[in-house]
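> Before anything else, here's the structure in question.
Residue numbers (our numbering): 1 to 120.
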């Protein structure tokens with residue numbers, strides 16, 4: 001019989017000890033609050049869940065977390081606006097090189113090229 005564990009991404013809401021086994025004896029590491037980790041979708045009989053974080057793998061007792069999809073980061077004081085780098089030309093058409101930027105919703109847009117604005 002083959003067993004398969006599904007993991008999903010969550011954000012820990014408190015510092016969490018990661019154990020090698022479910023006997024609370026050997027702490028592998030302590031994962032800090034507000035850290036994104038992968039967690040198993042089911043717990044064992046002792047309320048331990050499997051967690052993957054970077055190079056670490058272990059069990060956490062009844063970890064406190066929030067779904068990463070519903071997590072909204074604290075407001076940042078820096079706002080990023082798109083930057084457009086292009087050299088104006090006398091003819092219309094051509095391409096514009098756009099620097100990478102972060103949207104208000106937190107998604108990152110990587111650097112790319114687009115068509116230049118049309119002149120009227």
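The beta-carbon is built from N, C-alpha and C at its ideal position, and this holds for glycine as well.
What number of angstroms, rounded off, separates the C-alpha of residue 19 from the C-alpha of residue 26?
Against the chain shown, residue 19 aligns to sequence position 19. Against the chain shown, residue 26 aligns to sequence position 26. Rounded to the nearest angstrom, the two C-alpha atoms are 6 angstroms apart.
> Cutting at 7 angstroms between CB atoms, please list the residues of its own chain near residue 10, excluding the five before and the five after it.
As a first step, residue 10 is located in the chain shown; it is residue number 10 there, counting from the start. Hits under 7 angstroms: 37, 39, 65, 66, 67 and 68.
> Between 94, 34, 48 and 110, which has its C-alpha nearest residue 13's C-alpha?
The count along the chain shown starts at 1 and reaches residue 13 at position 13. Looking at the Cα atoms, 34 is the closest of the given residues.
> Any idea if residue 21 is buried or exposed, counting beta-carbon neighbours within 10 angstroms, 16 or more meaning buried?
One-based indexing of the chain shown puts residue 21 at position 21. So residue 21 ends up on the exposed side.
> Take the Cβ of residue 124 as the centre, count every other Cβ of all protein chains shown within 10 Å, and call the residue buried at 16 or more, exposed below.
Only positions 1 to 120 of the chain appear in the structure, and residue 124 is not among them; the question remains open.
> From what residue to what residue does the beta strand (DSSP E) around residue 58 run?
Reading the chain shown from its first residue, position 58 is the one you call residue 58. Counting along the chain, the beta strand (DSSP E) containing residue 58 begins and ends at 56-61.
> Is residue 105 close to chain B, meaning its C-beta is less than 7 angstroms from at least one C-beta of that chain?
The chain labelled as chain B is not found in the depicted structure, where only one protein chain is given.
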